[in-house]
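In order, the protein sequences belong to chains A and B.
Here the first sequence is numbered in our numbering, starting from 43 and rising by one per residue.
Here the second sequence is numbered in our numbering, starting from 266 and rising by one per residue.
From the three backbone atoms N, C-alpha and C, an ideal C-beta is built for every residue, glycine too.
For reference, the structure discussed in these notes is given below.
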Amino acid sequence: SQTIHQWPATLVQPVGSPLSLECTVEGTSNPNLYWYRQAAGRGLQLLFYSVGIGQISSEVPQNLSASRPQDRQFILSSKKLLLSDSGFYLCAWRRGGNYNEQFFGPGTRLTVL
Amino acid sequence: GQNIDQPTEMTATEGAIVQINCTYQTSGFNGLFWYQQHAGEAPTFLSYNVLDGLEEKGRFSSFLSRSKGYSYLLLKELQMKDSASYLCAVRDVNYGQNFVFGPGTRLSVLP
């Protein structure tokens, strides 16, 4: 069976500090990978997606970046966090091709102070 | 672009039936999904519709009308554990087959 992991679960960072969130998927190969952000009381906003190693598409221009150094590893980064970066960050995967559901990781709650 | 609308909040009584509506506008519709999200947790998949009609899965059913850009999620025999946010999402072929999520409907089930 497939599992998806995210860490850390919670993070409190000062404004201007760097960020690195990690997501790994087990039990599947060549998944499509996604990073979403969910601000308090709001819907899911797609930040980045990747269909393969080294392939990153950005949906929202901002001070965040993503990388996929390995097939089942997806990393979300920032060089300098802003207050507006606070939120619930969710990683998700979906089988490539015409498979349907997305499966979400447990999420990282980020608070920027 | 894409646009998805859902009611912000709904309240229902334990044992009752509730219908959560979702309307969408998208250029390359390729499926509509419903997810359940408990507070502080990740969304979990509930249902998928790509053709018009009703899909039933236990206490939950989902309906789709592509011509009207409309879907609903029907929850029967409500239980307290059904208190959660329900997210409507549309997959769009003109958006890289990616999902566009609605704002979610927060459902409170009262005893």
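{"Check": "Give the residues from the stretch 103–134 of chain A that approach chain E closer than 7 Å (Cβ to any Cβ), ordered along the chain.", "Outcome": "No chain E appears in the structure shown, which is made up of the protein chains A and B."}
{"Check": "I need the DSSP call for B:N359, collapsed to helix, strand or coil.", "Outcome": "helix"}
{"Check": "Measuring alpha carbon to alpha carbon, tell me which of B:N268, B:I282, B:N295 ends up nearest B:D357.", "Outcome": "B:N295"}
{"Check": "Give me whichever residues DSSP pairs with B:M345 in a beta bridge.", "Outcome": "None, per the DSSP bridge assignment."}
{"Check": "For A:P60, tell me which candidate among A:I117, A:F90, A:L88 has the shortest Cα-Cα distance.", "Outcome": "A:I117"}
{"Check": "Using a cut-off of 8 Å between C-beta atoms, extract the partners of A:G69 located in chain B.", "Outcome": "By Cβ distance, chain B contributes nothing, its closest Cβ being about 17 Å from A:G69, past 8 Å."}
{"Check": "Which residues in chain A have a C-beta closer than 7 Å to the C-beta of B:N363? List them in chain order.", "Outcome": "L88, Y91"}
{"Check": "Going by CA-CA distance only, name the one from B:T276, B:A304, B:N314 that's closest to B:C353.", "Outcome": "B:N314"}
{"Check": "Determine the extent of the beta strand (DSSP E) in which A:R84 is found, giving its start and end residues.", "Outcome": "Counting along the chain, A:R84 falls outside any beta strand (DSSP E), and DSSP gives it neither H nor E."}
{"Check": "Report the residue from B:L311, B:F328, B:F310, B:Y335 whose alpha carbon sits nearest the alpha carbon of B:G318.", "Outcome": "B:F328"}
{"Check": "Does any residue of chain A have a CB that is nearer than 8 Å to the CB of B:P368?", "Outcome": "yes"}
{"Check": "Closer than 7 Å by beta-carbon distance: list the chain A residues that pair up with B:Y351, in chain order.", "Outcome": "Chain A residues near B:Y351: none, gap ~11 Å exceeds 7 Å."}
{"Check": "Can you list, in chain order, the residues of the stretch 303–321 of chain B whose Cβ is nearer than 9 Å to any Cβ on chain A?", "Outcome": "G305, E306, A307, P308, T309, F310, Y313, V315"}
{"Check": "Helix, strand or coil for B:S336? Go by DSSP, reduced to three states.", "Outcome": "strand"}
{"Check": "Tell whether a beta-carbon distance below 8 Å holds between A:L123 and A:V57.", "Outcome": "yes"}
{"Check": "Quick one: any contact between the stretch 90–104 of chain A and the stretch 290–305 of chain B, if contact means 3 or more CB pairs under 8 Å?", "Outcome": "no"}
{"Check": "Once you ignore the five residues that flank A:S62 on each side, which residues in its own chain have a CB closer than 7 Å to its CB?", "Outcome": "I117, S119"}
{"Check": "Cβ atoms of B:D347 and B:L338: under 8 Å apart, would you say?", "Outcome": "no"}
{"Check": "Using a C-beta cutoff of 8 Å, does B:G296 count as contacting chain A?", "Outcome": "yes"}
{"Check": "With A:L152 as the anchor, note down where its beta strand (DSSP E) starts and where it stops.", "Outcome": "150–154"}
{"Check": "Any idea what DSSP makes of A:S109, helix, strand or coil?", "Outcome": "strand"}
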